[in-house]
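Student:
This is the structure:
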């Protein structure tokens, strides 16, 4: 009986491959035939009406590729179906309970699951406050110095980089663009200090596209080296507004939580003048998400006290911190406060530095 | 016995020489001992028994002289003399070693020596200047980072974050007195108390505002480069009733909505979504300011259009 059964069942199985809704009974029967064909010595209870497979039977044991694939697809469908049923049941229960239902579970996100970082700054931490009161930015934050920024590039910049520098200069008030004509940075820095610049930005270029930025706080401040990506110039932006005016923008710094993040945040904050001109209604945002810092420049308007409309002007780009150095730019003898070490730091998906 | 002419005849003219590189205009000799680098009867190191060159090794120049008696031992055929680092002294050394040698070889040796010293000097100068360090990028890592960046961008929800932050700042009062939005709770209380008086006031002003509204709307539908605020769409779709807190009564809302519908319809026929909503919002904003800030109205308008 078995032997005669087999060819029949094979044919039917072949036909049913194309059928999206296989009949359970026949499948179970085919499974049985398969097993007996391969002489799997297991005692099973074949439940003809139910699609459940006996526990010792695994799809991977079928030698025939097409059939194995088919059985696997079926298995997947089953699982999906059960999942949907479970969901529906839960939903019904929730509706039935009404107010007494337990609160919805919060889905896990990477931000939720972030590995506990002991360098996260507590708002009331005194040590941090003291440090920040006496670090290189204290002069700026106490209102003593006004930022003056020098923007330059690496050697022989191409069109895109040049335009990016110009647009950056319009976004940052009191910024000047100078061409680098093969000058060594180490010689540029003392000249800048002599002329009262507080910041030096060097945009590094590769294949006609800006891809790196060195941000150096001048008197003797920290130097940060970033990787720049996704640069979008003004004319490539959709639905943008008119050019930014000369008013000093406000600054928004989001999500800089750890000590390192704090120092980087202060680095950015010190780029802009201390008192923004609210008349201009412009805001520059540095938003940190998963160690990527997104820069945006918007013009906002308050439609009423609950709604605000923003319109993007200005260039946008993303930064990723590569290294932070204590003094001014010195690649050989500098003392690095933090360096991105890929193998150590990128290993865990839920661990972030900033 | 070395028959130079025979050798030259064979390798130079007729048959094959493995060191020869021919181009359209000239032939070059790739032999490392060649003094000029060209393939000539007088510069061929194989076809001349009396031959000398200058070569440099790690910044040191040597004078190589061919000793034809040792032609049977090619490894020992070339004699090496170390030249001094001083340019003039080295030239004298060349002269004294190549005394009685043909003029051509002496001259060419000195020329070659000069050229070598010049390029050594340039090399030393370049090292002192800035050197470009090439940092190789790993493709896999770059790909991964790009994807992470995209995901981070989506997770960041930048627009929402910025708006939230701005509203926070407004609430905390960092903007001081620039924006005269009355505080929520205060206004609610006011409304409850003075409902009737407010109605009267607003009914009086309705006609003016209606007229004003209509004018505004028509103008802006004609202009095509409106759309100051692209978030109009999103924000407008939420209930209009939220905006009531400050001013309008429901009757006026309805009128507004009708106006919006008209303008929407007009604009949809003409162009697209944002102009209509832009005009709607602008009209609404103007409406707000007519209510409260009549003094500053022209200023704000000019700011909007500038």
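Protein chains in written order, with my numbering: chain A, 1 to 354; chain H, 355 to 660. Even for Gly, the Cβ is constructed at its ideal location relative to N, Cα and C.
1) Which value, in whole angstroms, describes the spacing of the CA atoms of residue 274 of chain A and residue 513 of chain H?
2) For residue 223 of chain A, go through chain H and note every residue whose CB falls closer than 8 Å to its CB, in chain order.
3) Just mark residue 225 of chain A as buried or exposed, buried being the case when its beta carbon has 16 or more other beta carbons within 10 Å.
4) Give the interface partners of residue 481 of chain H over in chain A, defined as CB-CB distance under 7 Å, in chain order.
5) Beta-carbon of residue 495 of chain H versus every beta-carbon of chain A: anything under 8 Å?
6) Once the 5 residues before and after residue 447 of chain H are set aside, which same chain residues still bring their CB inside 6 Å of it?
7) According to DSSP, is residue 204 of chain A part of a helix, a strand, or is it coil?
8) Short check: CB of residue 150 of chain A to CB of residue 197 of chain A, under 8 Å?
9) How about residue 146 of chain A: is its C-beta nearer than 8 Å to some C-beta of chain H?
10) What residue ranges within the segment 102-181 of chain A form continuous alpha helix (DSSP H) runs of no fewer than 4 residues, ordered along the chain?
11) In the DSSP output, what is residue 319 of chain A paired with across the bridge?
12) Using the C-alpha atoms, what's the distance from residue 306 of chain A back to residue 328 of chain A?
13) Using the beta-carbon of each residue, which ones in chain A are nearer than 9 Å to residue 531 of chain H?
14) Could you name the residues of chain A that residue 484 of chain H contacts, counting a contact when the two beta carbons are closer than 7 Å?
15) Quick one: residues in its chain with C-beta nearer than 6 Å to the C-beta of residue 370 of chain H, no 5 flanking neighbours on either side, listed in chain order?
16) If you reduce the DSSP assignment to three classes, tell me which class residue 471 of chain H lands in.
17) Residues in the same chain with beta-carbon distance under 6 Å from residue 365 of chain H, minus the five sequence neighbours each way, listed in chain order, please.
18) So, for residue 269 of chain A: in the same chain, excluding its five sequence neighbours on each side, which residues have a beta-carbon less than 7 Å away from its beta-carbon?
19) Counting along the chain, where does the alpha helix (DSSP H) carrying residue 398 of chain H start and finish?
20) Can you tell me which residues form a DSSP beta bridge with residue 381 of chain H?
21) What's the call for residue 335 of chain A, buried or exposed, on a 16-neighbour Cβ count within 10 Å?
22) Kindly say whether residue 516 of chain H, judged by its beta-carbon, lies nearer than 8 Å to any beta-carbon of chain A.
23) Can you give the Cα-Cα distance for residue 136 of chain A and residue 220 of chain A, rounded to whole angstroms?
24) Rounded to whole angstroms, how far is the Cβ of residue 160 of chain A from the Cβ of residue 222 of chain A, which I believe are closer than 8 Å?
25) Under 8 Å, Cβ to Cβ, is there at least one residue of chain H near residue 339 of chain A?
26) Within 8 Å, do at least three Cβ pairs link the segment 391-408 of chain H to the segment 417-424 of chain H?
27) Within 8 Å of any Cβ in chain A, is that where the Cβ of residue 373 of chain H sits?
28) Under 6 Å Cβ to Cβ from residue 265 of chain A, same chain only, skipping five residues before and after it: list those, please.
Tutor: In short, the structure shows the following:
1) The residue you call residue 274 of chain A lines up with position 274 of the first chain. The residue you call residue 513 of chain H lines up with position 159 of the second chain. Looking at the two C-alpha atoms, the distance is approximately 24 Å.
2) Residue 223 of chain A sits at position 223 when you count from the first residue of the first chain. What residue 223 of chain A touches in chain H: nothing, since even the nearest Cβ is about 16 Å away.
3) Stepping through the first chain from its first residue, residue 225 of chain A is reached at position 225. By the neighbour-count rule (16 or more Cβ atoms within 10 Å), residue 225 of chain A is buried.
4) What you label residue 481 of chain H is simply residue 127 of the second chain in a count that begins at 1. The contacting residues do not exist; residue 481 of chain H stays about 13 Å from chain A at best.
5) Taking the first residue of the second chain as 1, we reach residue 495 of chain H at position 141. Yes, residue 495 of chain H lies at the interface with chain A (some Cβ there is under 8 Å from its Cβ).
6) Here residue 447 of chain H refers to the residue found at position 93 when the second chain is read from its first residue. 437, listed in sequence order.
7) Counted from its first residue, the first chain places residue 204 of chain A at position 204. Strand, per DSSP.
8) Sequence index remark: in the first chain, residue 150 of chain A carries index 150 (1-based). Sequence index remark: in the first chain, residue 197 of chain A carries index 197 (1-based). Yes, the pair counts as a contact, with Cβ atoms nearer than the cut-off.
9) As a first step, residue 146 of chain A must be located in the first chain, where it is residue number 146. No - not a single Cβ of chain H is within 8 Å of the one on residue 146 of chain A.
10) 126-134, 138-141, 159-171
11) Against the first chain, residue 319 of chain A aligns to sequence position 319. Beta-bridge pairing links residue 319 of chain A to A/228, A/293.
12) Here residue 328 of chain A refers to the residue found at position 328 of the first chain. Here residue 306 of chain A refers to the residue found at position 306 of the first chain. Approximately 44 Å, taken between the alpha carbons.
13) Indexing the second chain from 1 puts residue 531 of chain H at position 177. In chain order: nothing, as chain A lies at least about 10 Å away.
14) What you label residue 484 of chain H is simply residue 130 of the second chain in a count that begins at 1. Within 7 Å Cβ-Cβ: 184.
15) Translated into the one-based positions of the second chain, residue 370 of chain H becomes position 16. Nothing meets the Cβ criterion.
16) Position 117 of the second chain, counted from the first residue, corresponds to residue 471 of chain H. DSSP places residue 471 of chain H in helix when its eight states are reduced to three.
17) In the second chain, counting from the first residue as 1, residue 365 of chain H sits at position 11. 371.
18) Residue mapping note: residue 269 of chain A aligns to position 269 of the first chain, counting from 1. Contacts found: 251, 253.
19) Stepping through the second chain from its first residue, residue 398 of chain H is reached at position 44. No alpha helix (DSSP H) contains residue 398 of chain H, which DSSP labels as neither H nor E.
20) Here residue 381 of chain H refers to the residue found at position 27 when the second chain is read from its first residue. Paired residues: H/376.
21) For the purposes of this step, residue 335 of chain A is identified with residue 335 of the first chain, where counting begins at 1. With fewer than 16 other Cβ atoms within 10 Å, it is exposed.
22) Here residue 516 of chain H refers to the residue found at position 162 when the second chain is read from its first residue. Output row for residue 516 of chain H: interface = yes.
23) By one-based count along the first chain, residue 136 of chain A stands at place 136. By one-based count along the first chain, residue 220 of chain A stands at place 220. So the alpha carbons of these two residues sit roughly 8 Å apart.
24) Position 160 of the first chain, counted from the start, is the residue given in the question as residue 160 of chain A. Position 222 of the first chain, counted from the start, is the residue given in the question as residue 222 of chain A. About 28 Å; that fails the 8 Å criterion.
25) What you label residue 339 of chain A is simply residue 339 of the first chain in a count that begins at 1. Nearest CB-CB separation between residue 339 of chain A and chain H: not below the 8 Å threshold.
26) In this structure the segment 417-424 of chain H touches the segment 391-408 of chain H; the number of beta carbon pairs closer than 8 Å is three or more.
27) What you label residue 373 of chain H is simply residue 19 of the second chain in a count that begins at 1. No, residue 373 of chain H lies away from the interface with chain A (no Cβ there is under 8 Å from its Cβ).
28) Counting from 1 along the first chain, the entry for residue 265 of chain A is found at position 265. 253, 256.
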